[in-house]
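Our numbering numbers the first residue of the sequence shown as -1 and each following residue consecutively.
Ideal Cβ positions, reconstructed from N, Cα and C, are used throughout, including at glycine.
On a predicted model such as this, the values are computed, not experimentally measured, just so you know.
Heads up, the thing below is written out as structure tokens.
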Amino acid sequence: MKRAFYDEMPSTLEAVGNGSYLYRWDIQEEAKPATEHSAADGETANAQESGTQYSCLEVVVWSPVSSNAILEAVISAMWPNNREQKLINDYNAAQLGCFGSKTGEKAQSAINAYKAFLTQRDSIKSQVDADCEELNIE
């Protein structure tokens, strides 16, 4: 998932005006990167713009906005359904011994990948829940 960049601090939830909203999370303040400008003589000069910019992850959420709708949009954007399903299938296959021993490299890789997914998903759910509580969204 690619980060979005803004010159001003973006809001967590913004109405777009067509029945959709932008939900933003992981908002970070960053220094603006150096930019290159072409001079009249054909030379390229580096110029550092002063100031900061903000980056974040964002998804579109359609009305009615709810905690579950936001979480579903975020999870779908982070992990397409087929990716999530593959992690689950590989985990189950490892548990059933389809990859050989549960302690084998392939089985452990599948188990660890699914555990990492669950950890990230739980972290995102906590973030969405905290944002929704702050925004009075149920």
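Which residues DSSP lists as bridging residue i, in chain order
i	result
T50	A29
L11	Y21
Which listed residue (the options) has its alpha carbon closest to that of residue i
i	options	result
L133	R22, E70 and S121	R22
A108	A32, A75, T33 and Q83	Q83
D88	K123, T33 and F115	F115
E28	P62, F3, Q106 and T10	F3
K113	T50, C96 and A92	A92
Q26	S18, E12, E56 and G17	E56
S18	G102, V63 and T50	V63
E136	D120, N80, A67 and E103	A67
P78	L11, R119 and D129	R119
W60	E12, T101 and E131	E12
E70	V126, N80 and N16	V126
I86	A111, S74 and S124	A111
K0	Q51, P8, M76 and T10	M76
Outcome for residue i when other beta-carbon atoms lying within 10 angstroms are tallied against a minimum of 16
i	result
V14	exposed
I122	buried
L94	exposed
A32	exposed
A105	buried
Helix, strand or coil at residue i according to DSSP, with G and I counted as helix
i	result
E6	coil
E56	strand
I73	helix
C130	helix
T117	helix
Rounded Cβ spacing between residue i and residue j (contact assumed at less than 8 Å)
i	j	result
L20	V58	6 Å
S53	C130	With 8 Å as the limit, S53 and C130 do not qualify as a contact, their Cβ atoms being about 22 Å apart.
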